[in-house]
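Peer 1: In UniProt numbering, the protein residues as written are 1 to 255.
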């Protein structure tokens, strides 16, 4: 698993526009009066920037395996392999965050993380997890097959073992609820119009490649070319889900 700073910069405006505002506000409240936030897979710090003044004065522990991205992220840099859940710097935190991460993670990794969160009584804000839905206007005949093939690709190993892919938010919610958390969810879809043409171009390239690798029966590059012809006037919607999970005691104390 790894992403370039250029790709992260390209997607950040769409990510910020997509986040569920109510859950973002609630997460900021749950973090408390002296927030200490651990951002897992922080990249260049987009989650911190999304909170902005809502968490002014917070201590941010930025966790990523990429030293180059950490240098851009700000906050306290913790270069770690996220697979080592016990090494994550969670002690003394008031909120754990992650964006566009859990759809890449495996069920056993989520289980280990939820167990540690539960032991430490920590809330979790997990945003922008892909949910398997892709819609374009206008439609093309191959859209459904491309989406199905892409979704098959999304459950391959992304660095944590077989990924949860589109089922990530549901699995995470069920595990947290079983551990006694109050869980809230919200939609956070990318809505990409002609003003996001560069992002659409990069996205189409990645979708086509993944779909072909996952067994799309046709020519994914031809689908990509047909889709790119509409980038300047069509619309694209990529589904994501946000989640906020709060232990009951934390909700009573900070919520």
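C-beta atoms are modelled at their ideal positions from N, C-alpha and C, and glycine is treated no differently.
Restricting to runs no shorter than 3 residues, where is the beta strand (DSSP E) found entirely within the stretch 107-140?
Peer 2: Segments of the beta strand (DSSP E) lying fully in the stretch 107-140: 124-137.
Peer 1: Among 129, 144, 79, 62, whose alpha-carbon lies nearest the alpha-carbon of residue 171?
Peer 2: As a first step, residue 171 is located in the chain shown; it is residue number 171 there, counting from the start. Measuring from the Cα of residue 171, the nearest candidate turns out to be 129.
Peer 1: Restricting to Cα atoms, I'd like to know which of 67, 191, 116 is closest to residue 135.
Peer 2: Translated into positions along the chain shown, residue 135 becomes position 135. If we check each option's Cα against that of residue 135, 191 comes out closest.
Peer 1: Is the number of C-beta pairs between the stretch 87-101 and the stretch 136-149 that are closer than 8 Å three or more?
Peer 2: In short, these stretches do not touch, since the Cβ pair count stays below three.
Peer 1: Tell me whether residue 97 sits in a helix, a strand or coil according to DSSP, three-state version.
Peer 2: Position 97 of the chain shown, counting from 1, holds the residue named residue 97. DSSP places residue 97 in strand when its eight states are reduced to three.
Peer 1: Which residues does DSSP list as the beta-bridge partners of residue 186?
Peer 2: Here residue 186 corresponds to residue number 186 of the chain shown, with the count starting at 1. Answer is 242.
Peer 1: Relative to the C-alpha of residue 10, which residue among 243, 201, 213 is closest?
Peer 2: Here the question's residue 10 lines up with position 10 in the chain shown. Of 243, 201, 213, the residue nearest in Cα terms is 201.
Peer 1: Helix, strand or coil: which one does DSSP assign to residue 89?
Peer 2: As a first step, residue 89 must be located in the chain shown, where it is residue number 89. DSSP places residue 89 in coil when its eight states are reduced to three.
Peer 1: Output the boundary residues of the beta strand (DSSP E) element that contains residue 76.
Peer 2: Within the chain shown, the letter at position 76 stands for residue 76. Run containing residue 76: 76-79, per the beta strand (DSSP E) assignment.
Peer 1: Which partner residues of residue 191 appear in the DSSP bridge assignment?
Peer 2: Taking the first residue of the chain shown as 1, we reach residue 191 at position 191. Looking at the DSSP assignment, residue 191 forms a beta bridge with 237.
Peer 1: Distance, Cα to Cα, residue 223 vs residue 151?
Peer 2: Residue numbering aside, residue 223 sits at position 223 when the chain shown is read from its first letter. Residue numbering aside, residue 151 sits at position 151 when the chain shown is read from its first letter. Each residue's Cα considered, the two are about 16 Å apart.
Peer 1: In whole angstroms, give me the CA-to-CA distance for residue 37 and residue 220.
Peer 2: Within the chain shown, residue 37 is the residue found at index 37, counting from 1. Within the chain shown, residue 220 is the residue found at index 220, counting from 1. One C-alpha to the other measures close to 41 Å.
Peer 1: Just reading off the beta strand (DSSP E) that residue 61 is part of, what are its end residues?
Peer 2: Taking the first residue of the chain shown as position 1, residue 61 is located at position 61. Counting along the chain, the beta strand (DSSP E) containing residue 61 begins and ends at 59-64.
Peer 1: Tell whether a beta-carbon distance below 8 Å holds between residue 44 and residue 82.
Peer 2: To locate residue 44, count along the chain shown from 1; it is residue 44. To locate residue 82, count along the chain shown from 1; it is residue 82. Taking 8 Å as the Cβ cut-off, residue 44 and residue 82 do not qualify as a contacting pair.
Peer 1: Could you pull out every residue in the same chain whose Cβ sits closer than 6 Å to the Cβ of residue 244, ignoring the five residues on either side in sequence?
Peer 2: Translated into the one-based positions of the chain shown, residue 244 becomes position 244. These residues qualify, in order along the chain: 23, 26, 27, 125, 184.
Peer 1: I believe residue 149 touches residue 214 by the beta-carbon criterion, under 8 Å. Please report the beta-carbon distance rounded to the nearest angstrom.
Peer 2: Taking the chain shown and counting its residues from 1, one reaches residue 149 at position 149. Taking the chain shown and counting its residues from 1, one reaches residue 214 at position 214. That belief holds up - the Cβ atoms of residue 149 and residue 214 are roughly 4 Å apart, short of 8 Å.
Peer 1: According to DSSP, simplified to helix, strand and coil, what is residue 37?
Peer 2: Here residue 37 is taken as the residue at index 37 of the chain shown, counted from 1. Three-state result, residue 37: strand.
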